[in-house]
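Letter 86 of the sequence shown, counting from 1, is numbered 123 in our numbering, and no numbers are missing.
What follows is a short report on a single structure.
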Amino acid sequence: MLPPLVFAIVYPGMFLAGLPRLRLDRSSVAGLGAIAMIAVNGWSVVEAAAAIDLPTVALLFAFMLVSAQMRLACFYAAMTPVVVRIA
């Protein structure tokens, strides 16, 4: 019963880029959600570490690096008018 409740709180917090009344940003919501899921499921540190899929985390990190480089190169600003014109 509790894991769906944690998910129901964390997912909107991620979607809304934070929880304003708690003054938490997206990263804080994700971190506290992970801690809550570990606590709710009663996992040990070893069990929690075993639940992490390292290839997925590496892929997400790579996407974050590429996205940051594209932002710094003003790719998104240059592409916005093109996408608006097409849409």
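Here a beta-carbon is modelled for each residue, glycine too, at the ideal position from N, C-alpha and C.
Exposure of residue 68 is indicated by the presence of fewer than 16 other C-beta atoms within 10 angstroms of its C-beta.
Fully contained in the region 69-98 are the following alpha helix (DSSP H) runs of length 4 or more, in chain order: 82-87. Counting along the chain, residue 122 sits inside the alpha helix (DSSP H) bounded by residues 112-123. In the structure shown, residue 61 adopts extended strand secondary structure according to DSSP, grouped into three states.
Within a 10 Å sphere around the beta-carbon of residue 79 sit fewer than 16 other beta-carbons, which makes this residue exposed.
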